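Q:
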Amino acid sequence: MTTRILSELSVPIVSAPMAGGPSTPDLARAVTAAGGLGMIAGALLDLEKFAAQIDSMRDVRFGVNLFLPDDPTSADVDAYAARIAPWFEKYDAEPGVLPRRDDFYPEKFRWLIHNPVPLVSSTFGTFDAAEVAAFHEVGTEVWCTVTSATEAAEAERNGVDALVVQGPEAGGHRGSFDGSAPEEPLDQVLAAVRAVSTLPRIAAGGLMDGFDIAPLLESGAADAAQLGTAFLNTTEAGTRQVHRDQLTETADTAVTRAFSGRPARGIVNEFMLDNSEDAPLAYPDLHYLTAPMRAKAGAAGDPSALSMWAGTGHLRARRATVSELMSEWAQQLGR
Ligand SMILES: Cc1cc2nc3c(=O)[nH]c(=O)nc-3n(C[C@H](O)[C@H](O)[C@H](O)COP(=O)(O)O)c2cc1C
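In this note's numbering, the protein residues as written are 2 to 336.
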């Protein structure tokens, strides 16, 4: 099975939406120009920046990713704030003001219906059936990020067109609906999803080049691949220098809730080691709580208190242009 957008790709590679800076319109545009699909990360942007990034892409094929809102948490965020207080002192930062839930999901959804785009994908949940129907009505294809067969079945019931199947190797947030962090490797998640759904699958997690992707396509496990970490060090990415530098060090990655309150894979640093065990499931509260500290650490080029999302393949993230990487990967895929 395929979809309208997937059938248009001469290279079945999607650039992962990477909220928080790494994704840029330049990156998305270059991936599309090379025959793939460039994604705009629609989360963590105010409405003005959201609209501007999308409108700058109107002449090419692209998609937009949204984080679906989590329910308010009952976790003890104050206790965690007290726990990490020394870190705020260290960076002379004030804790972020809580509660803040201002990713503007309803406004972004309405804007996308009035200003339709070729494709939307959701993360942290599935659009409900009415939302999917509203997107279809305006000609927008709909994908949903899933981390398990159960999530895949729910998304399919709601009418989505394809599934971004994310394995635990992936950099950044686990896209699970309930904030869990399933550990079955990508090939097992793909097989489990395939057993319950005939929807096209876009594989994500730990894929760093065409040789990694080819077996998934050849075996029918996946129809395309979504790569994040492999693009993090490209010329077109908006990744901070300190994050780029850490990618090529030998540091490990781990999954933590310490920065945002949802499990996410990033390069291990002191803040993560110090706080991962105590961090509650409380997204986006912890994201906003830690934001001023992360901003100060980032401005100082200090990696010890920054979230530096990266997948297990991070040592293979190359400094190159998107067009260089895409043409190499296309060759490896025989395209
Ligand atoms: C820095 C970074 C930011 C990310 N932000 C998002 C995001 O905004 N939305 C999303 O659906 N996935 C996000 N992801 C996860 C990717 O969609 C994808 O699942 C992951 O990059 C695939 O694994 P890989 O990094 O090993 O290629 C992010 C990943 C990284 C590395």
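Just so it is clear, CB atoms sit at the ideal spot from N, CA and C, and this is done for glycine as well.
As the structure is a computational prediction, the values presented were derived from the model and not from experiment.
1. Check the C-beta distance from residue 141 over to residue 120 and give it rounded, since I have them as a contact under 8 Å.
2. Among residues of its own chain, excluding the 5 on either side of residue 322, which ones have a beta-carbon nearer than 8 Å to its beta-carbon?
3. Below 6 Å CB to CB, which residues in the same chain sit around residue 54 once its five sequence neighbours on both sides are set aside?
4. Suppose contacts are defined by Cβ-Cβ distances below 8 Å. Is residue 197 in contact with residue 153 by that definition?
5. What residue from 208, 186, 223 has the CA that sits closest to residue 202's CA?
6. Only counting the same chain, and skipping five residues up and downstream in sequence, which positions put a Cβ closer than 7 Å to that of residue 9?
7. Measure the Cβ-Cβ separation of residue 225 and residue 65 and say whether it is below 8 Å.
8. Round the Cβ separation of residue 175 and residue 199 to the nearest angstrom and send it over; I've been treating them as touching at under 8 Å.
9. Given a threshold of 16 other Cβ atoms within 10 Å of its Cβ, counted over all protein chains shown, does residue 111 qualify as buried or as exposed?
10. Around the C-beta of residue 194, are 16 or more other C-beta atoms found within 10 angstroms, so that it is buried, or is it exposed?
11. Could you tell me the distance, in whole angstroms, from the CA atom of residue 246 to the CA atom of residue 291?
12. What did DSSP end up calling residue 122 once you bin it into helix, strand or coil?
13. For residue 33, verify whether its CB is less than 7 Å away from any heavy atom of ligand 1.
14. Mind checking which residues open and close the alpha helix (DSSP H) that includes residue 388?
15. Please report how far the alpha carbon of residue 96 lies from the alpha carbon of residue 284, in whole angstroms.
16. Three Cβ pairs or more, each shorter than 8 Å: is that satisfied between the segment 121-129 and the segment 299-319?
17. Report all residues from its chain with a CB closer than 7 Å to the CB of residue 138; omit the five preceding and five following residues, and keep chain order.
18. Which partner residues of residue 146 appear in the DSSP bridge assignment?
19. By DSSP, does residue 111 sit in helix, in strand, or in coil?
20. Alpha carbon to alpha carbon, how far is residue 210 from residue 244? Give it in angstroms, no decimals.
21. Going straight from the alpha carbon of residue 336 to that of residue 37, what length do you get?
22. Is the beta carbon of residue 81 less than 8 Å from the beta carbon of residue 217?
23. With hydrogens ignored, establish whether the beta-carbon of residue 44 is closer than 7 Å to any heavy atom of ligand 1.
24. List the whole-angstrom C-beta distance separating residue 161 from residue 191, where the pair is believed to meet the contact cut-off of C-beta under 8 Å.
25. List the residues that DSSP assigns as beta-bridge partners of residue 254.
26. So does residue 270 have its beta carbon nearer than 7 Å to some heavy atom of ligand 1?
27. Residue 315: buried (16+ other C-beta within 10 angstroms of its C-beta) or exposed?
28. Should residue 215 be counted as a contact of ligand 1 given a C-beta to heavy atom distance under 7 Å?
29. State the beta-bridge partners of residue 173 as determined by DSSP.
A: The answer reads as follows:
1. 6 Å
2. 31, 235, 236, 237
3. 26, 41
4. yes
5. 223
6. 62
7. no
8. Going by Cβ atoms, the distance from residue 175 to residue 199 rounds to 24 Å, so no, they are not a contact pair.
9. exposed
10. buried
11. 22 Å
12. strand
13. no
14. Residue 388 is absent from the structure shown; the chain starts at 2 and stops at 336.
15. 15 Å
16. no
17. none
18. 165
19. helix
20. 20 Å
21. 11 Å
22. no
23. yes
24. Between residue 191 and residue 161 the Cβ distance is about 17 Å, and since that is not below 8 Å, they are no contact.
25. 268
26. no
27. buried
28. no
29. 266
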